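S.K.:
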DNA sequence: GTCGATTACTACAACATTGTTGTACTAACG
DNA sequence: CGTTAGTACAACAATGTTGTAGTAATCGAC
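Residue numbers (the numbering used here), protein chains in the order written: chain A, 37 to 150; chain C, 37 to 150.
(1) Closest Cβ-Cβ distance between residue 72(A) and chain C: below 8 Å?
(2) Cα-Cα, which of 100(A), 132(A) and 94(A) is closest to residue 52(A)?
(3) Determine the chain A residues that contact residue 46(C) at a beta-carbon separation under 8 Å, and present them in chain order.
(4) For residue 137(C) versus residue 54(A), is the C-beta spacing smaller than 8 Å?
(5) For residue 126(A), does the count of other Cβ atoms within 10 angstroms reach 16, so buried, or fall short, so exposed?
(6) Please report the residue range of the beta strand (DSSP E) in which residue 96(C) lies.
(7) Please list, in chain order, the chain A residues whose beta carbon lies closer than 8 Å to that of residue 126(C).
(8) Determine whether the Cβ of residue 52(C) lies closer than 8 Å to any Cβ atom of chain A.
(9) Among 49(C), 58(C), 68(C) and 109(C), whose alpha-carbon lies nearest the alpha-carbon of residue 87(C)?
(10) Pull out every residue of the region 91 to 120 of chain A whose Cβ sits closer than 8 Å to any Cβ of chain C, in chain order.
(11) Taking residue 141(A) as the query, report the chain C residues whose CB atoms sit under 7 Å from its CB, ordered along the chain.
(12) For residue 63(C), which residues of its own chain have a beta-carbon under 6 Å away from its beta-carbon, when the five flanking residues on both sides are left out?
(13) I'd like the list of long-range same chain contacts for residue 145(A), defined as Cβ closer than 6 Å, with 5 residues on each side in sequence excluded.
(14) State the DSSP-derived secondary structure class of residue 120(A), mapped to helix, strand or coil.
What follows is the structure in structure tokens.
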């Protein structure tokens with residue numbers, strides 16, 4: 037059964053969940069960058085999306101052309117049920133490990149410099 | 037600056053935090069297994085601990101002999117300040133991505149069968 | 001209408017870091 | 001010195017990350 041998810045994979049799947057109908061390469065990337073503050077290469081998004089689709093955790097389809105200046109058609113992505121289960125399991129695991137420790141961790145992280 | 041932490045690395049660091057004075061290979065392994073329900077090889081723990089130590093996120097020292105039947109001396113581990121910061125940052129990133137989505141995710145994960 | 005210039009977006013190869021496993025080794029006590 | 005708790009490490013698999021090339025769409029000139 038389900039191998040566990042890497043860290044970036046988790047971020048990616050959460051982005052899919054949040055974006056719902058509007059999840060494609062560019063919006064996914066932007067969502068992760070904005071929320072985490074870390075910079076994400078475009079290629080990284082597509083590479084990981086493809087792997088997740090190969091594993092059956094995500095599905096995708098090509099959308100219709102839009103009346104925008106340039107650009108090719110978007111490929112949209114959505115969570116599969118198995119993807120939701122995998123993501124939930126990973127996140128719960130981490131929460132269980134973290135339970136009760138966050139305040140102390142926060143203090144340690146603050147104290148120790150810039 | 038701080039690369040980001042992998043998933044297992046995060047679990048490991050949380051275990052260190054929880055175990056405080058009593059963190060060494062065997063207890064760390066047991067803590068992760070019990071809380072997450074996933075099985076962990078002994079070697080995995082030491083491999084990852086060593087890498088984290090190389091990166092300066094963890095420190096270790098060899099303890100004194102104990103009055104137990106057999107066994108060699110334990111090597112104890114503890115979080116370094118930079119480790120606390122890295123762990124906190126990773127966990128916060130994930131929480132920000134997950135914010136507001138967990139109930140929906142839980143429902144999706146439940147519905148979609150065993 | 002059709003032909004390119006322009007543009008939003010996707011695909012992928014290549015390399016780096018993390019994850020995982022199995023097996024061998026060490027040092028303690030009785 | 002036999003037994004045993006514990007550690008180290010080599011080797012391979014999966015995930016993370018980057019750069020660059022390719023594709024398919026619209027617009028505007030003609």
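Beta carbons: idealized from backbone N, C-alpha and C, even for Gly.
Remember, predicted model here, so these are calculated numbers, not experimental data.
M.R.: To lay it out plainly:
(1) yes
(2) 94(A)
(3) 43, 130 and 133
(4) yes
(5) buried
(6) 94 to 98
(7) 43
(8) no
(9) 49(C)
(10) 115, 117, 118 and 120
(11) 53, 120, 123 and 124
(12) 55
(13) none
(14) helix
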